Amino acid sequence: MSTYPRRHVLGAAAGATAAAALPLAAATRAQAAGTAGGPDGAPPGGRADGPGNPWVPVPDPVPVPLEALYDNDGIDTAAARGGDFDGSGYTFPGEALPAGPTEVDGIPFRFPSAAAGAANNVVARGQRVELPRGRYLSAAFLTAGSYGNASGTATVHYADGTTTTAGLGGADWYGAGGTLSAPYRYRPDGTRDDHPVGIGTANLWLDPAREAVALTLPVTGPAQEGRAALHVFALTLQPVAQGRALVLRDARSTASLLEASGAQSVEATVVNAGTVALLADDALSVRVDVDGARTVAPARIRRLDPGEEVRVRVGIRNRPGTASGTVRDGTVSVTGRGTRAAARTGRLTLGVPDYRPTEDSLARHQAPYWFRSAKFGIFIHWGVYSVPAWSPVGKQYAEWYWNHLQDPNNAVYAHHRDTYGEDFAYDDFIPRFTAEKFDPRSWVELFRDAGAQYHVLTSKHHEGFALWDTKVSDRNAVRMGPRRDLVGELFEASRRYAPGLHRGLYFSMPEWFNPDNPWAGHAPRNPYTLRPVPYTGYTAGKDYVKDYQARQMLELVHGYDPAIIWCDIGGANDSLDVLAEYFNHAKNRARPTDVTVNDRSGIAFHDFTTPEYTTYDNTVVAKWEASRGLDPFSYGYNRATPDAAYMTAEEVVHSLVDIVSKNGNFLLDIGPRADGTIPEIMQTRLRETGQWLRTNGEAIYDTTYWSRTAQLGADLRFTVRPDEAFYIHSLARPGAKLTVEAPVPIRPGDKVTMLGHDRPLTWTVRGGALVVDVPEAARRAGRYAWVFKIEWHG
Numbered sequence: 035m036s037t038y039p040r041r042h043v044l045g046a047a048a049g050a051t052a053a054a055a056l057p058l059a060a061a062t063r064a065q066a067a068g069t070a071g072g073p074d075g076a077p078p079g080g081r082a083d084g085p086g087n088p089w090v091p092v093p094d095p096v097p098v099p100l101e102a103l104y105d106n107d108g109i110d111t112a113a114a115r116g117g118d119f120d121g122s123g124y125t126f127p128g129e130a131l132p133a134g135p136t137e138v139d140g141i142p143f144r145f146p147s148a149a150a151g152a153a154n155n156v157v158a159r160g161q162r163v164e165l166p167r168g169r170y171l172s173a174a175f176l177t178a179g180s181y182g183n184a185s186g187t188a189t190v191h192y193a194d195g196t197t198t199t200a201g202l203g204g205a206d207w208y209g210a211g212g213t214l215s216a217p218y219r220y221r222p223d224g225t226r227d228d229h230p231v232g233i234g235t236a237n238l239w240l241d242p243a244r245e246a247v248a249l250t251l252p253v254t255g256p257a258q259e260g261r262a263a264l265h266v267f268a269l270t271l272q273p274v275a276q277g278r279a280l281v282l283r284d285a286r287s288t289a290s291l292l293e294a295s296g297a298q299s300v301e302a303t304v305v306n307a308g309t310v311a312l313l314a315d316d317a318l319s320v321r322v323d324v325d326g327a328r329t330v331a332p333a334r335i336r337r338l339d340p341g342e343e344v345r346v347r348v349g350i351r352n353r354p355g356t357a358s359g360t361v362r363d364g365t366v367s368v369t370g371r372g373t374r375a376a377a378r379t380g381r382l383t384l385g386v387p388d389y390r391p392t393e394d395s396l397a398r399h400q401a402p403y404w405f406r407s408a409k410f411g412i413f414i415h416w417g418v419y420s421v422p423a424w425s426p427v428g429k430q431y432a433e434w435y436w437n438h439l440q441d442p443n444n445a446v447y448a449h450h451r452d453t454y455g456e457d458f459a460y461d462d463f464i465p466r467f468t469a470e471k472f473d474p475r476s477w478v479e480l481f482r483d484a485g486a487q488y489h490v491l492t493s494k495h496h497e498g499f500a501l502w503d504t505k506v507s508d509r510n511a512v513r514m515g516p517r518r519d520l521v522g523e524l525f526e527a528s529r530r531y532a533p534g535l536h537r538g539l540y541f542s543m544p545e546w547f548n549p550d551n552p553w554a555g556h557a558p559r560n561p562y563t564l565r566p567v568p569y570t571g572y573t574a575g576k577d578y579v580k581d582y583q584a585r586q587m588l589e590l591v592h593g594y595d596p597a598i599i600w601c602d603i604g605g606a607n608d609s610l611d612v613l614a615e616y617f618n619h620a621k622n623r624a625r626p627t628d629v630t631v632n633d634r635s636g637i638a639f640h641d642f643t644t645p646e647y648t649t650y651d652n653t654v655v656a657k658w659e660a661s662r663g664l665d666p667f668s669y670g671y672n673r674a675t676p677d678a679a680y681m682t683a684e685e686v687v688h689s690l691v692d693i694v695s696k697n698g699n700f701l702l703d704i705g706p707r708a709d710g711t712i713p714e715i716m717q718t719r720l721r722e723t724g725q726w727l728r729t730n731g732e733a734i735y736d737t738t739y740w741s742r743t744a745q746l747g748a749d750l751r752f753t754v755r756p757d758e759a760f761y762i763h764s765l766a767r768p769g770a771k772l773t774v775e776a777p778v779p780i781r782p783g784d785k786v787t788m789l790g791h792d793r794p795l796t797w798t799v800r801g802g803a804l805v806v807d808v809p810e811a812a813r814r815a816g817r818y819a820w821v822f823k824i825e826w827h828g
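Counting in my numbering, the sequence shown runs from 35 upward without gaps.
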């Protein structure tokens, strides 16, 4: 792994900008022939039918001016300097960001100017924002965190003197790859720092039954070096419509395939912007009308409560004679009760043409649907570093042993001298990396029993030792050490004994001491005498990128068909060519598959971001995956770590629930020993996690985040299975009554149970809060996290 706190990312560029996949832009609104709705302020869930058109118009979103509150200049341009976004002098590049009206995730915002000396964002420190008085479903923000993720509690104030609260946050601008991304930032001296920075969207729910008048931002910051602060760039409100109403936004063609039919997917977000619950008898259907293709799999929506939204996928196929990649004007529309309710018209790309080695071409790719549904994977850090397997517990990564060894002030330097002697080179560990007890079947069956849906093995870490029979170097596990193709054996066992698992490979882009391109700045040497030592099995004189790195990556693509390539570090690369070939190889098989890559290949493009040993505080709409080891701070095996220091099963479950509720996947790492055995404490924790998932997995797999809020207080998290159920995860053992003070989508006729108990529970809504009676038998049935299921009916 790269060390996230040290931020070792070399030459990485931005995530795809908002313009990379233009949404359908021209909106048309259903015109109501009459009104349809109940009395003003009708409670959510009420039914209201009027004469004529059953759909009422939805008021336009309302951008809220924030200029009077702006107190931070976080955007510079090449011609205008002087800003300081994070307290240490770094700024966003104005040339790579919009200015003025812009649409992000289908929501119109008024983005601030990058004019010289002008403030363009507000650091959240409890300011009060006056709102145009009205009834709103939600408030959408453009936010970013400086020096880490930043969040807090925001308060909405209503005309009747009441308030509601919810979390509001922003992901770290340096690590998030937000919806609005830039491929670089400006240093304090005005030069470019080629690392991506981003701004994302964040949502705050409002009660549409009350007139909102203001909101109070969380208290974070100030923007100082080393201190997390929440920056707000823009705010837009979505008014409520009185009656039956829909909004269709962020409609776009994709390069993804529907898993059931293999049809091309067109995605759109459907929002219930009215006061009427939309149920099965409303017959909501989303389809695409475009010359050159036909809808073969319309999206059906069975349940959408007021204020709720759902991301749908419509399957289309090209008609004979329409070439893949043809661009045409088309319309995505949603109908209900026999009438069009909303539509978006714009440009659609029909079919999925081959990828080209350009940023624009790769930007059409996105995280596969299977990856978004999988939620839980197993990371495996295994290599020569598994032999010494030592670092101070909870302080640094054990797999970085060779790098730590270079520093006389690091504990590894003295440990190695005292344990092995000054003349014992790192490569002398290679013969001791035996894998003699490696049983790949037992590994994959353990991952399956843990409830994981995929696994990712380190094919090559920063030490440069490959676990497959690479043809460009003898520095590999077939030529030395185990003398086995460890990648091949694991993948074959996975296909045979756990075919439901997706198989992935980690690949380090640079190598610490490769003589042709040493990331550490020098070729291998004795850290005590500084005399050169061999880079065992490697013949110097190669073009590191073209003749070695890229060729190894393509060996993995064509030799093992990984569903995931999990790159690390970035730096010098040929990733445009490699990833284009990777995607085309998967797409053009006899049975096409969707594959994925993370954000560390050294180029702008990525499918998902990868915070390590940390997570995001709030929902991040762009797909992400958090990773960490069961060890308190190591991915590779650390023999010094006592069993008591490993994560407990409760901690694993709580992490999984928290991450999934915020649109993330959890990649949980294990570090096998050099002989191929997985430490018993790790096996125990995985099996305990699997036991919990066997009972509660339906609230994890195939779910999505709740658009209203990811969490309530410290203990409640939420997930949604569209059209079927809503889940409330209590991370603490509930009392006799579970109270949820949030607009939970529930209505008369819905059934509430607790997973693992399954008997119907009594519930009521009091003062806008859901109250569930939890008998002692249900409380006893749960463990680690108690999951309450609201099964939707009607």
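Just so it is clear, CB atoms sit at the ideal spot from N, CA and C, and this is done for glycine as well.
Given the structure is predicted, the values throughout are model-derived calculations rather than measurements.
Inter-residue CB distance, residue i and residue j (contact presumed, cutoff 8 Å)
i: Gly710; j: Phe472; result: 3 Å
i: Ala263; j: Val157; result: 5 Å
i: Val821; j: Tyr761; result: 6 Å
i: Gly417; j: Glu342; result: Wrong, their Cβ atoms sit about 47 Å apart, outside the cutoff.
i: Glu245; j: Ala188; result: Not a contact, Cβ separation roughly 18 Å.
Cβ neighbours of residue i in the same chain (closer than 7 Å, five flanking residues each side left out)
i: Ala248; result: Arg162, Val163, Glu164, Leu165 and His191
i: Tyr540; result: Val490, Leu491, Thr492, Ser493, Trp600 and Asp602
i: Arg793; result: Thr787
i: Arg226; result: Tyr218 and Tyr220
Check whether residue i and residue j have beta carbons under 9 Å apart
i: Arg371; j: Thr383; result: no
i: Gly359; j: Val310; result: no
i: Ala614; j: Leu396; result: yes
i: Arg662; j: Glu684; result: no
i: Tyr569; j: Asn548; result: yes
i: Ile824; j: Pro779; result: yes
i: Ala748; j: Leu765; result: yes
i: Ser319; j: Thr365; result: no
i: Asp363; j: Gly385; result: no
i: Ala275; j: Leu746; result: no
i: Ala770; j: Ser695; result: no
Buried or exposed by the 16-neighbour rule on C-beta atoms within 10 Å, applied to residue i
i: Gln586; result: buried
i: Arg286; result: buried
i: Ala803; result: exposed
i: Leu690; result: buried
i: Ala294; result: exposed
i: Pro39; result: Note that Pro39 scores 25 on pLDDT, short of 50, meaning its location in the model is unreliable; the coordinates nonetheless yield the value given after this. Counting Cβ neighbours within 10 Å, Pro39 comes out exposed, since fewer than 16 surround it.
i: Arg537; result: buried
i: Ala597; result: buried
i: Glu545; result: buried
i: Glu470; result: exposed
i: Ala819; result: buried
Beta-carbon contacts of residue i that lie in its chain and below 8 Å, excluding the five residues immediately before and after
i: Glu523; result: Phe472 and Pro474
i: Phe642; result: Ala401, Phe405, Thr630, Asn632, Asp633, Ala656, Lys657, Trp658, Glu659 and Asn699
Spatially closest choice to residue i from the options, by CA coordinates
i: Tyr750; options: Glu775, Phe413, Asp757 and Val386; result: It should be pointed out that residue 750 corresponds to Leu in this sequence rather than to Tyr. Ranking Glu775, Phe413, Asp757 and Val386 by Cα distance to Leu750 puts Glu775 first.
i: His229; options: Arg800, Pro135, Ser215 and Tyr562; result: Ser215
i: Arg378; options: Pro217, Arg334 and Asp323; result: Asp323
i: Phe700; options: Phe667, Tyr680, Gly186 and Lys657; result: Lys657
i: Asp483; options: Pro713, Val579 and Thr718; result: Thr718
i: His619; options: Ser609, Arg634 and Leu588; result: Leu588
i: Val506; options: Asp581, Thr270 and Ile464; result: Asp581
i: Pro777; options: Leu238, Pro91, Tyr208 and Asp120; result: Leu238
i: Pro465; options: Arg517, Tyr447, Gln430 and Leu480; result: Arg517
i: Gly520; options: Gly534, Leu590 and Pro566; result: As written in the sequence, residue 520 is Leu, which differs from the Gly given in the question. Ranking Gly534, Leu590 and Pro566 by Cα distance to Leu520 puts Leu590 first.
i: Arg755; options: Trp826, Leu720, Val808 and Leu746; result: Trp826
Residues of its chain near residue i, where Cβ-Cβ distance is below 6 Å and the 5 sequence neighbours each way are ignored
i: Ser299; result: Thr288, Ser290, Leu292 and Arg347
i: Asp83; result: Per-residue confidence for Asp83 stands at a pLDDT of 41, beneath the threshold of 50, marking its modelled position as unreliable; the derived number appears in the next sentence. Here the set comprises nothing.
i: Glu526; result: none
i: Ala812; result: Met788 and His791
heavy atom of the ligand MG below 8 Å from residue i C-beta
i: Ala153; result: With respect to small molecules bound, the structure shown includes none, and the ligand MG cannot be examined in it.
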